[in-house]
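Using the UniProt record's numbering, read the sequence shown as starting at 1 and increasing by one per residue.
First the structure, in the form of structure tokens, and then the observations on it.
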Amino acid sequence: MDFLKHAVDYGVIGLLFLLSIWCVAVAVERWLFYRRVDLKQYPNQQVFEIALTRRLVIIGTVASNAPYIGLLGTVLGIMLTFHTMGTTGQMAVNTIMIGLSLALKATAVGLLVAIPCVVMNNLLRRRVSELVTLYKVQHGT
1 MDFLKHAVDY GVIGLLFLLS IWCVAVAVER WLFYRRVDLK QYPNQQVFEI ALTRRLVIIG
61 TVASNAPYIG LLGTVLGIML TFHTMGTTGQ MAVNTIMIGL SLALKATAVG LLVAIPCVVM
121 NNLLRRRVSE LVTLYKVQHG T
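Next up, the structure:
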């Protein structure tokens with residue numbers, strides 16, 4: 001049962017950690033792209049918007065799903081705590097509280113990943129709006 005407990009803890013938190021690194025990498029790549037974008041190289045606004053919004057869906061998806069991944073880890077941790085209590089017969093309050101508090105860390109990590117992703121997504125989408133407006137002004141549309 002310890003193996004399963006560690007797999008839940010490290011699997012969920014590890015997944016959230018990897019997703020957060022992926023989002024930061026996408027955000028940095030997009031920000032650097034926006035800094036060097038040449039409005040003249042795009043034949044029309046649709047092509048320009050496609051280029052600007054490429055990969056932003058990754059950040060939005062992680063932002064909206066990280067809390068659920070964390071919640072899944074918490075639910076699995078709670079299930080393991082109750083299963084362990086039932087099979088071992090240990091009903092000590094400290095055992096229950098330790099198991100439940102450790103299970104809740106997955107939800108906390110999920111929120112710690114989601115909040116910065118929401119901020120990054122909003123900042124990047126704001127920059128997209130600014131660049132599209134510049135494109136319209138320069139191209140008279």
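Here a beta-carbon is modelled for each residue, glycine too, at the ideal position from N, C-alpha and C.
Minimum Cα-Cα distance from N122 among the listed residues I59, Q138, P67 corresponds to I59. Restricting attention to C23, G77, R30, the CA atom closest to the CA of L4 is found in G77. At a Cβ-Cβ threshold of 9 angstroms, S20 and V57 do not count as neighbours. The C-beta separation of M120 from A51 comes to about 19 angstroms, leaving the pair out of contact by the 8 angstroms criterion.
Under the 10 Å beta carbon count, F82 is surrounded by fewer than 16 other beta carbons and is classified as exposed. Its Cα nearest to that of P116, the residue C23 stands out among V128, G99, C23, T107. The three-state secondary structure of T84, taken from DSSP, is helix. Boundaries of the alpha helix (DSSP H) around M120: 93 to 139.
Distance between V118 and G89, taken at the CA atoms: about 43 angstroms. Taking 8 angstroms as the upper bound for CB-CB distance, E49 and V132 are in contact here, some 6 angstroms apart. Sequence-distant Cβ neighbours of L111 in its own chain, meaning closer than 8 angstroms and more than five residues away, are A66, P67, G70.
The residue from L15, Y42, L32, R125 with its alpha-carbon nearest to that of Y135 is Y42. For Y42, the three-state secondary structure derived from DSSP is coil. Closest in C-alpha terms to R36, from the list R127, V137, G140, H139, comes R127.
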